[in-house]
Structures are given as C-alpha cells and as structure tokens.
Amino acid sequence: MIKRARIAIDLGNRNIKTVNTVFTTGIAVSDIMPGRGTTYLEYDGRYYLPSNRRMPYQRDKTKDVRFYALTLMGIAKELERNRNVEKGDIIQVQLPIGIPPKHFAELYEKYEKYFRGNGEMIHFNYNQQDYNILIEDVRAFPQDYAAIMLQFQMIRQYPRAVGVDIGGFTTDYLMFRTGDVDMEFCDSMETGVISLYNHVIARLRADYDLLLEETDIDSIIRGKIEFYDGKIVQTVLQEAQAYVTDILSSLRERGIDPKSTFLIFLGGGSILLKPLIEKTGMLNRYLFIEDIHANAKGYDYLYQQEA
13 MIKRARIAID LGNRNIKTVN TVFTTGIAVS DIMPGRGTTY LEYDGRYYLP SNRRMPYQRD
73 KTKDVRFYAL TLMGIAKELE RNRNVEKGDI IQVQLPIGIP PKHFAELYEK YEKYFRGNGE
133 MIHFNYNQQD YNILIEDVRA FPQDYAAIML QFQMIRQYPR AVGVDIGGFT TDYLMFRTGD
193 VDMEFCDSME TGVISLYNHV IARLRADYDL LLEETDIDSI IRGKIEFYDG KIVQTVLQEA
253 QAYVTDILSS LRERGIDPKS TFLIFLGGGS ILLKPLIEKT GMLNRYLFIE DIHANAKGYD
313 YLYQQEA
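Quick note: the sequence shown uses the working numbering, first residue 13, plus one each step.
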C-alpha cells in the first residue's frame, strides 16, 4: 500500500535529531555484512553501522554520502515508530531539513536537490527491516529560526531577541525584532562544543599526560564527578566556564549585549552548559529551549505552515 509520512531531520555536526529520536553523527562503512545482532543500514550494496565516534565537521553535507545514509537512518527510526507503516508499504516521504542561517541562501537549493534525488524508489534495510520509500518533497529551513518560531507569540513582545544555538562545531546566532528576523545580525561562529572538547583534551594531555574522551567531559560538566580526580574535574570546569564567557563576550563584540537583549539559548551545547552560562552573571532576560528536538520540530511546523 502507498502511504505518506512527513519526517523532519536536523543534521547536526554532533547529533542527528528527528522529532522523536536522537543519535550520534557517526557512521562506519563496510562492504562486508556485519555479524548477527549488529544494527546496520544496508543501502546501495554497502553496509553503514552507527558509531559513537562522530564524523569530522562538514559545512556542506551533500559532499559525503554518509550524511545521506544517516538521513535514511533517521527516516527508518521514525518509520519504526509509525504504527500505520506495515511490511511491504511504499512510503512517500516529505522531508523538512535545516541549514545554519548564515549558509542558508547559499546551500538550500543544493540540499533540497541532493536529498530529493532523482525521484526513483529507494530500497534499503535497517535493523532487519526492508523499506521502500520515495522522497517526494524536500524543504530546507534555517536552523534556530525554525525552533524559535515555536516561541513566536512570546518573542514578538521583545524589541530585540537573539537565538543562540551552541551546536557541535558552530555557535549560530540570529536576531529578531518584535518577531521579525533581522539577517544583518546573523552569523555562524566556529565555537561549538567540539572546540571546547579539543581544548580540554589537549590541555589534559599536556599537563597531566591524561587522555579523556568527549563523553568524559560531558559527564564532568553534568556533575558526574565521582569517577575523576579532583584536579581533572577542576580543569574541565575552569575551561568550560571560560568557554561560555568567551561566547557571550563574542556576542557583545558583534553588537549583541547579553544584558540588554533577550537571549534564547538552544542546541545540545546550550543544554549541556546551561548552569555555567547562568553562572557568568552576564545575562538579564533569557530563555533556554531544553528540547534537543526543537529544530526538527520547528522544521516540521514550518513545513506544515508553507504547505
């Protein structure tokens, strides 16, 4: 039976998010079928295995087929949850996706064409389940703008509101004036949490000959410190506090004063660093959108509005 599904996907540098799922932007590729019990995607004669080791940053995600495979994984994860989808169905997929605001004008047509493909049926297997899909429509939207539009009734009250998305590789910001976007105050700074990880890992290696993984740093920032030496915990927290102070100072250098502007923080990095951001004392009025799926939900919302 032919059925239709709208599946919004947020292709982050650190995590892939759909409306209901989240998984690491990491994937291994093999020409050999993995062993029994292994989760994998089989597509176009190759096998793609989810990995906790994230991929290097890529500004243009159409240049690496692994992002296409990750998109198929995201689609499959949502179809797994859809009780209306049955074995043998052909699914016509509407695919809302996102691009950082600074790069939106340059890349949106390229993204839409790439992920739409040539209109042919796509056959793949994920988690031992066969899927037959047709991507009938792809619509790209600016990141941050999409998530913040879910808060439109609130932000339209403020003369100036700025969305600050601390992601994996970039920190994106976008200005709104009484609810209308102002693209003159929009940029993507290469100061995402990956830069914090790299700095902390390099310092600990130099000072203590110690190797930490990104998950260790996350654990310490979240307060799970019982597994780490006190001096390691102190170093990580010092670096993280300096990092968030630098981000807020960078905004001020760009004409956005955190004390006079309503700031809306979103993204996985903002959620992780929320206590440290609040601790700076540099904020006045602000909001944290603590839903890591907010951008994907925003793409879905904007797609419905345009449709």
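Every residue, glycine too, gets a C-beta built ideally from N, C-alpha and C. Here the structure is a predicted model, which is why all the values come from computation and not from measurement.
Cut-off 7 Å between Cβ atoms - residues of its own chain near residue 52, not counting five sequence neighbours on either side
Within the sequence shown, residue 52 is the residue found at index 40, counting from 1. Within the same chain, residue 52 has close Cβ partners 46, 59, 60, 61.
On a CA-only basis, which of 28, 257, 215 is nearest residue 287? Give me that one, please.
Along the sequence shown, read from residue 1 onward, the residue named residue 287 stands at position 275. Of the residues 28, 257, 215, the one whose Cα lies closest to the Cα of residue 287 is 257.
Excluding five sequence neighbours on each side, which residues of the same chain lie with their C-beta closer than 6 Å to the C-beta of residue 306?
Within the sequence shown, residue 306 is the residue found at index 294, counting from 1. Within the same chain, Cβ atoms closer than 6 Å to the Cβ of residue 306 are found at 159, 278, the five residues on either side in sequence being excluded.
Please classify residue 85: is it buried, with 16 or more other beta-carbons within 10 angstroms of its beta-carbon, or exposed?
In the sequence shown, residue 85 corresponds to position 73, counting from 1. Residue 85 is buried by the Cβ-count criterion.
Kindly indicate the opening and closing residues of the beta strand (DSSP E) around residue 137.
For this step, residue 137 is matched to residue 125 along the sequence shown. First-last of the beta strand (DSSP E) with residue 137: 134 to 138.
Quick one: residues in its chain with C-beta nearer than 7 Å to the C-beta of residue 223, no 5 flanking neighbours on either side, listed in chain order?
Position 211 of the sequence shown holds residue 223. Closer than 7 Å at Cβ, skipping near neighbours: 217.
Does the Cβ of residue 316 have 16 or more other Cβ atoms within 10 Å, making it buried, or fewer, making it exposed?
For the purposes of this step, residue 316 is taken as the residue at position 304 of the sequence shown. Residue 316 comes out exposed.
Grab me the residues of residue 245's own chain with a C-beta within less than 7 Å of its C-beta, minus the 5 sequence neighbours each way, in chain order.
In the sequence shown, the residue the question calls residue 245 occupies position 233. In its chain, beyond the 5 residues on either side, 232, 237 have a beta carbon closer than 7 Å to the beta carbon of residue 245.
Residue 90 versus 76, 107, 100, 74, residue with shortest Cα-Cα distance
Position 78 of the sequence shown, counted from the first residue, corresponds to residue 90. Per the Cα distances, 107.
Within a Cβ cutoff of 6 Å, which residues of the same chain sit near residue 18, ignoring the five residues on either side of it in sequence?
The residue labelled residue 18 in the question sits at position 6 within the sequence shown. The answer, listed in chain order, is 106.
Would you check if there are 3 or more beta carbon pairs closer than 8 Å linking the region 166 to 179 to the region 204 to 212?
Result yes; three or more Cβ-Cβ pairs closer than 8 Å.
Taking 9 Å as the cut-off, decide whether the C-beta atoms of residue 55 and residue 153 are in contact.
On the sequence shown, position 43 is the one that residue 55 refers to. On the sequence shown, position 141 is the one that residue 153 refers to. Not closer than 9 Å, so no.
What is the rounded straight-line gap between the Cα of residue 7 and the Cα of residue 32?
Nothing in the structure corresponds to residue 7, since the chain is present only between 13 and 319.
In the region 127 to 183, which residue ranges form an unbroken alpha helix (DSSP H) of at least 4 residues, counting only runs that do not cross its ends?
Correct list: 157 to 161, 164 to 167.
Is it buried or exposed, residue 293, if we count other Cβ atoms within 10 angstroms and call 16 or more buried?
Against the sequence shown, residue 293 aligns to sequence position 281. The residue is exposed, with fewer than 16 neighbouring Cβ atoms inside 10 Å.
Three-state secondary structure (DSSP) at residue 297?
Reading the sequence shown from its first residue, position 285 is the one you call residue 297. In this structure, residue 297 counts as coil in the three-state DSSP scheme.
If you count every other CB in all the chains shown that lies within 10 Å of the CB of residue 248, and 16 or more means buried, which is it?
Position 236 of the sequence shown, counted from the start, is the residue given in the question as residue 248. Buried.
Beta-bridge partners of residue 29, as assigned by DSSP:
Position 17 of the sequence shown holds residue 29. Answer is 22, 34.
Return helix, strand or coil for residue 108, following the three-state DSSP convention.
Position 96 of the sequence shown, counted from the start, is the residue given in the question as residue 108. Reduced to three states, the DSSP call for residue 108 is strand.
If contact is defined by three or more beta carbon pairs under 8 Å, each pair taking one atom from either stretch, is the region 139 to 151 in contact with the region 268 to 278?
no
I need the DSSP call for residue 356, collapsed to helix, strand or coil.
The structure shown has nothing for residue 356, since the chain only spans 13 to 319.
Taking 9 Å as the threshold (C-beta atoms), are residue 97 and residue 15 in contact?
Translated into the one-based positions of the sequence shown, residue 15 becomes position 3. Translated into the one-based positions of the sequence shown, residue 97 becomes position 85. Yes, these two residues count as a Cβ contact at 9 Å.
In chain order, which continuous runs of the beta strand (DSSP E) of length 3 or greater are located wholly inside the region 47 to 80?
53 to 55, 58 to 62
In terms of alpha-carbon separation, which member of 251, 284, 81 lies closest to residue 40?
For the purposes of this step, residue 40 is identified with residue 28 of the sequence shown, where counting begins at 1. Answer by Cα proximity: 81.
Measure from the alpha carbon of residue 100 to the alpha carbon of each residue in 122, 123, 135, 220, then state which is nearest.
Locating residue 100 in the sequence shown gives position 88, counting from the first residue. Residue 100 has its Cα closest to that of 135, out of 122, 123, 135, 220.
What does a CB cutoff of less than 7 Å around residue 93 pick up in its chain, not counting 5 residues either side in sequence?
As a first step, residue 93 must be located in the sequence shown, where it is residue number 81. Excluding sequence neighbours, residue 93 sits near 32.
Member of 140, 131, 74, 156 whose CA lies at the smallest distance from the CA of residue 118:
Mapped onto the sequence shown, residue 118 falls at position 106. The shortest C-alpha separation from residue 118 is found at 74.
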